[in-house]
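Peer 1: Can you keep this structure in mind? I'll have questions shortly.
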Amino acid sequence: MTGTNTTPTTPPAAEQPKGYTSPLPAPRPHLGHAVASEWTKMVSVRSTLFTLGSLVVTVVGFGLLFVSQSKDREFVDISFTTPALFGLLVGQVAVMVLGVLTITSEHATGLVRTTFTAAPDRYRVLTAKYLVFSTTAFLTTALAVFVVGISAAIVHAGAGAGPHAADEWLGALVGCLYVTLLGVLALAVGALLRHSAGAIAAMLGLVTLPPVIGAMLSIWDSAAPIGRAVLEHNAPVALMQLFGMPNGADAATLPGNVSHMVLILLVTGGAVAASYVTVGRRDV
Numbered sequence: 716m717t718g719t720n721t722t723p724t725t726p727p728a729a730e731q732p733k734g735y736t737s738p739l740p741a742p743r744p745h746l747g748h749a750v751a752s753e754w755t756k757m758v759s760v761r762s763t764l765f766t767l768g769s770l771v772v773t774v775v776g777f778g779l780l781f782v783s784q785s786k787d788r789e790f791v792d793i794s795f796t797t798p799a800l801f802g803l804l805v806g807q808v809a810v811m812v813l814g815v816l817t818i819t820s821e822h823a824t825g826l827v828r829t830t831f832t833a834a835p836d837r838y839r840v841l842t843a844k845y846l847v848f849s850t851t852a853f854l855t856t857a858l859a860v861f862v863v864g865i866s867a868a869i870v871h872a873g874a875g876a877g878p879h880a881a882d883e884w885l886g887a888l889v890g891c892l893y894v895t896l897l898g899v900l901a902l903a904v905g906a907l908l909r910h911s912a913g914a915i916a917a918m919l920g921l922v923t924l925p926p927v928i929g930a931m932l933s934i935w936d937s938a939a940p941i942g943r944a945v946l947e948h949n950a951p952v953a954l955m956q957l958f959g960m961p962n963g964a965d966a967a968t969l970p971g972n973v974s975h976m977v978l979i980l981l982v983t984g985g986a987v988a989a990s991y992v993t994v995g996r997r998d999v
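For the record, in the sequence shown the residue sitting at position 217 is 932 according to the working numbering, with numbers rising by one throughout.
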């Protein structure tokens, strides 16, 4: 009796399965994809509309109210963009809140797991968040400020307002950048804490407490130099100087605009660097 050969035979080449190729294009992921994703997230949630809407309404509302109630001579010592400062001192809170929510809202809902699964390069995702937020915050802030400034220039363009140099508009633009950096700092704090309420509270304390602490330290002679330094280097004072608001102090003894910008750049840069290190090391 002859044995049966059970060795499987190799099918012809025509019958062998072929590798699947998707008909859809599969480009290599890059930063532009992450930016588009983060932009879609930002414009599709109501918190963006509420925070930026409140910023514009506050800055433009308070600014135009001041413009309508002021006279030409009141603009002799201030710039046309100064009225925007009154609303911006409040509106900067909206920028910081949006910065925090840009990242903490994903941690609260668990969407951050989906984000990092779809885009494993966390540094690219975080960079996209910073780019989308900072661009949106800066353009919105600048638009609101310049609406007020242009309105003041039109209404109070008489000779009684005195001469106005073009650099006052540059100062307002730098002031908008300062507020944007506060928002970027808030985003970095949100990335570090991963908790909306905690990050917002930390930013509010960072902006509102220095003037109070500086005033308290100035009471004691031994701590007076520290108190004066704190009083001269804080967010409200920086914005007042950038927007040309006189504060009654000797201008020669106050830190310059460059000093304020260097300080906020150092603080924000340190927080941003820490956020990259932290986000890259932890699980989510």
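By construction, the Cβ of each residue, glycine as well, lies at the ideal position given by its N, Cα and C atoms. As the structure is a prediction and not an experimental result, all values here were calculated from the model.
Tell me whether the beta-carbon of Ala-950 lies closer than 7 Å to the beta-carbon of Val-922.
Peer 2: Stepping through the sequence shown from its first residue, residue 950 is reached at position 235. Stepping through the sequence shown from its first residue, residue 922 is reached at position 207. Result yes, Cβ atoms of Ala-950 and Val-922 sit closer than 7 Å.
Peer 1: What does a CB cutoff of less than 7 Å around Leu-978 pick up in its chain, not counting 5 residues either side in sequence?
Peer 2: Stepping through the sequence shown from its first residue, residue 978 is reached at position 263. For Leu-978, where only same-chain residues beyond five positions count, the Cβ hits under 7 Å are His-948.
Peer 1: Using 7 Å as the threshold, is the C-beta distance between Val-782 and Ser-911 below it?
Peer 2: Mapped onto the sequence shown, residue 782 falls at position 67. Mapped onto the sequence shown, residue 911 falls at position 196. Not closer than 7 Å, so no.
Peer 1: Helix, strand or coil for Leu-686, going by three-state DSSP, please let me know.
Peer 2: Absent from the structure is residue 686, since the part of the chain shown begins at 716 and ends at 999.
Peer 1: If you count every other CB in all the chains shown that lies within 10 Å of the CB of Ala-874, and 16 or more means buried, which is it?
Peer 2: As a first step, residue 874 is located in the sequence shown; it is residue number 159 there, counting from the start. Counting Cβ neighbours within 10 Å, Ala-874 comes out exposed, since fewer than 16 surround it.
Peer 1: DSSP on Ala-799, reduced to helix/strand/coil?
Peer 2: Position 84 of the sequence shown, counted from the first residue, corresponds to residue 799. Ala-799: helix per DSSP, three-state reduction.
Peer 1: Between the segment 833–844 and the segment 795–812, can you find at least three pairs of beta-carbon atoms closer than 8 Å?
Peer 2: Output reads no: the segment 833–844 does not touch the segment 795–812.
Peer 1: Between the beta-carbon of Ala-859 and the beta-carbon of Val-758, is there less than 7 Å?
Peer 2: Position 144 of the sequence shown, counted from the start, is the residue given in the question as residue 859. Position 43 of the sequence shown, counted from the start, is the residue given in the question as residue 758. It is not a contact, given that the beta carbons lie outside the stated cut-off.
Peer 1: Fully enclosed by the segment 788–836, which alpha helix (DSSP H) runs are 4 residues long or longer?
Peer 2: Counting only runs of 4 or more, we get 798–824 and 826–833.
Peer 1: Check for me: the alpha helix (DSSP H) holding Ala-989 runs from which residue to which?
Peer 2: Position 274 of the sequence shown, counting from 1, holds the residue named residue 989. Here the alpha helix (DSSP H) through Ala-989 covers 972–996.
Peer 1: Kindly indicate which three-state DSSP category Ser-759 falls into: helix, strand or coil?
Peer 2: Taking the sequence shown and counting its residues from 1, the one referred to as residue 759 is at position 44. Coil at Ser-759, not helix or strand.
Peer 1: Would you decide whether Gln-731 is buried or exposed? Buried here means 16 or more other CB atoms lie within 10 Å of its CB.
Peer 2: As a first step, residue 731 must be located in the sequence shown, where it is residue number 16. At Gln-731 the pLDDT is 49, less than 50, meaning the model places this residue with poor confidence and gives no usable figure here.
Peer 1: Mind checking Ile-869: buried by the 16 CB within 10 Å criterion, or exposed?
Peer 2: The count along the sequence shown starts at 1 and reaches residue 869 at position 154. Exposed is the call here.
Peer 1: By the DSSP assignment, the alpha helix (DSSP H) with Ile-941 in it spans what residues?
Peer 2: Start at 1 with the first residue of the sequence shown, and residue 941 comes out as number 226. From DSSP, the alpha helix (DSSP H) with Ile-941 extends over 939–947.
Peer 1: Distance check for Ser-937 and Gly-995, CA to CA, integer angstroms please.
Peer 2: Reading the sequence shown from its first residue, position 280 is the one you call residue 995. Reading the sequence shown from its first residue, position 222 is the one you call residue 937. The straight-line gap from Cα to Cα measures roughly 43 Å.
Peer 1: State the start and end residues of the unbroken alpha helix (DSSP H) segment that holds Trp-935.
Peer 2: By 1-based counting over the sequence shown, the position of residue 935 is 220. Premise fails: Trp-935 is in no alpha helix (DSSP H) and is neither H nor E.
Peer 1: For Lys-1013, I'd like the list of residues in its chain whose CB is within less than 8 Å of its CB, leaving aside the five on either flank, ordered along the chain.
Peer 2: Nothing can be reported for residue 1013, as the shown portion of the chain is limited to 716 through 999.
Peer 1: Are there 16 or more other CB atoms within 10 angstroms of the CB of Thr-824, so buried, or fewer, so exposed?
Peer 2: Translated into the one-based positions of the sequence shown, residue 824 becomes position 109. The residue is exposed, with fewer than 16 neighbouring Cβ atoms inside 10 Å.
Peer 1: Does the beta-carbon of Thr-755 have 16 or more other beta-carbons within 10 angstroms, so that it is buried, or is it exposed?
Peer 2: Numbered from 1 along the sequence shown, position 40 holds the residue referred to as residue 755. Result: exposed.
Peer 1: Any chance the segment 927–935 sits against the segment 886–899, with 3 or more Cβ pairs inside 8 Å?
Peer 2: No contact exists between the segment 927–935 and the segment 886–899.
Peer 1: Could you tell me if Val-1000 is buried or exposed, where buried requires 16 or more neighbouring beta carbons within 10 angstroms of its beta carbon?
Peer 2: An answer regarding residue 1000 cannot be provided, because it is not within the stretch 716 to 999 covered by the chain.
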